[in-house]
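Colleague: The number in my numbering is simply the position in the sequence shown, starting from 1, with 11 added. Before anything else, here's the structure in question.
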Amino acid sequence: VHSDIIDDRGVGWLCTYAGPVQETLNAITGGDRSKVILNIGCGIDQLSPDIYKDGYTNLLSSDISQHAISEMQEKTAAEMPLAKWFVDDVTNMTLPDESVDIVVDKGTLDAVLIQSEPFLSAARMLKEVQRVLKEGGIYFLITHGRGDPDTWRIPVLTLPHLGFNIAKTPDMGGYFIFVCTKLAQPEAAVAAAKWKEAEAWARQRDDEDREAEYAAVDEIGQ
Numbered sequence: 012v013h014s015d016i017i018d019d020r021g022v023g024w025l026c027t028y029a030g031p032v033q034e035t036l037n038a039i040t041g042g043d044r045s046k047v048i049l050n051i052g053c054g055i056d057q058l059s060p061d062i063y064k065d066g067y068t069n070l071l072s073s074d075i076s077q078h079a080i081s082e083m084q085e086k087t088a089a090e091m092p093l094a095k096w097f098v099d100d101v102t103n104m105t106l107p108d109e110s111v112d113i114v115v116d117k118g119t120l121d122a123v124l125i126q127s128e129p130f131l132s133a134a135r136m137l138k139e140v141q142r143v144l145k146e147g148g149i150y151f152l153i154t155h156g157r158g159d160p161d162t163w164r165i166p167v168l169t170l171p172h173l174g175f176n177i178a179k180t181p182d183m184g185g186y187f188i189f190v191c192t193k194l195a196q197p198e199a200a201v202a203a204a205k206w207k208e209a210e211a212w213a214r215q216r217d218d219e220d221r222e223a224e225y226a227a228v229d230e231i232g233q
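What follows is the structure, encoded as structure tokens:
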């Protein structure tokens, strides 16, 4: 589902690039500024410009909002001539298989997990993240620290169709960082079976949550 609503979270929401985010990115790249980096759900945030200014010019930035992409293209044309901005859906990306070294996600999984059918949408999104990453590539997730991030993040990051080695920081002051390294992938038939299993789990979890919401509404109405 495409949207023309501009991300209204502001240009510095959740956390800044300077600090743990920058330090983690430099650590996982080994300082190699030639890495292909994809920032999914970039919105109008300052993250992509900051990554580019840090020397990572092989930078792709995508968002579902045409308005957000157009605004960032116009805003950064002079100082980010090598960067690529494009409209894309994280649950059905247009990028080729194994074309990206690092996928950066600042709050996009969080946004997916509050949509309708959150677990199925997240499963589809992470399937695409895994597909576009090269073997050994990194899914660099920056997620808000409200509540326990493991309650929603770990179940979807460890779904059977995914093959990630997962490392997580402690609370960084309102947010967490997950560094998920893509492992070797199974053969196509095995991968398809694992996706079917993951899809069934996600649908069941969404159905259970929906039933719980209906029950809560009924209880309030009594």
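We put the CB at the ideal spot given by N, CA and C, even for glycine.
Evaluate E139 with the Cβ neighbour count: other Cβ atoms within 10 Å of its Cβ, from every protein chain shown; 16 or more gives buried, anything less gives exposed.
Modeller: buried
Colleague: Which residue comes first and which comes last in the beta strand (DSSP E) that contains I149?
Modeller: L144 to H155
Colleague: Buried or exposed for Q215, please, with buried defined as at least 16 other CB atoms from any protein chain shown within 10 angstroms of its CB.
Modeller: exposed
Colleague: Can you give me the start and stop residues for the alpha helix (DSSP H) that K86 sits inside?
Modeller: Q77 to T87 is the extent of the alpha helix (DSSP H) around K86.
Colleague: Looking at the secondary structure, which residues open and close the beta strand (DSSP E) in which K179 lies?
Modeller: Looking at the DSSP string, the run of the beta strand (DSSP E) that includes K179 is F175 to K179.
Colleague: In three-state terms, what does DSSP make of T68?
Modeller: coil
Colleague: DSSP three-state call for N37: helix, strand or coil?
Modeller: helix
Colleague: Would you mind giving the Cβ-Cβ distance between I39 and I113, rounded to the nearest angstrom? I have them listed as a contact below 8 Å.
Modeller: 7 Å
Colleague: Cα separation between E198 and C191?
Modeller: Rounded to whole angstroms, E198 to C191 spans 21 Å at the Cα level.
Colleague: With DSSP as the reference, identify every bridge partner of K193, one or two as the case may be.
Modeller: F175
Colleague: Which term fits L36, buried or exposed, when burial requires 16 or more other beta carbons within 10 angstroms of its beta carbon?
Modeller: Buried: at least 16 other Cβ atoms inside 10 Å.
Colleague: Hey, A134 and L168 are a contact pair by Cβ (cut 8 Å); roughly how many whole angstroms apart?
Modeller: Contact flag wrong, Cβ pair sits at about 10 Å.
Colleague: Would you report the Cα separation of I188 and F151, rounded to the nearest angstrom?
Modeller: 7 Å
Colleague: Could you name each continuous alpha helix (DSSP H) segment of 4 residues or more that falls completely within the region 104–138, going from the start of the chain to the end?
Modeller: Listed in chain order, the complete alpha helix (DSSP H) runs (minimum 4 residues) inside the region 104–138 are 119–123.
Colleague: Evaluate S14 with the Cβ neighbour count: other Cβ atoms within 10 Å of its Cβ, from every protein chain shown; 16 or more gives buried, anything less gives exposed.
Modeller: Any reading at S14 needs caution, since the residue's pLDDT is 39, under 50, leaving its predicted position unreliable; the model's value is listed next. By the neighbour-count rule (16 or more Cβ atoms within 10 Å), S14 is not buried but exposed.
Colleague: Among the residues of its own chain, which have a CB less than 7 Å from the CB of G21, if the five just before and after it don't count?
Modeller: Low confidence applies here, because G21 scores a pLDDT of 46, under 50, leaving its location unreliable; read the following figure in that light. So the list is empty, once near-sequence residues are dropped.
Colleague: Specify the secondary structure class of V101 as computed by DSSP and reduced to three states.
Modeller: coil
Colleague: Cβ atoms of L173 and L137: under 7 Å apart, would you say?
Modeller: By the CB criterion at 7 Å, L137 and L173 fall inside the cutoff.
Colleague: So I153 packs on C26, CB below 8 Å; how close in whole Å?
Modeller: 7 Å
Colleague: Roughly how far, in whole angstroms, is the beta-carbon of S59 from the beta-carbon of S72, given that I think they are within contact range, below 8 Å?
Modeller: 4 Å
Colleague: CA-CA distance, G42 and A223?
Modeller: 47 Å
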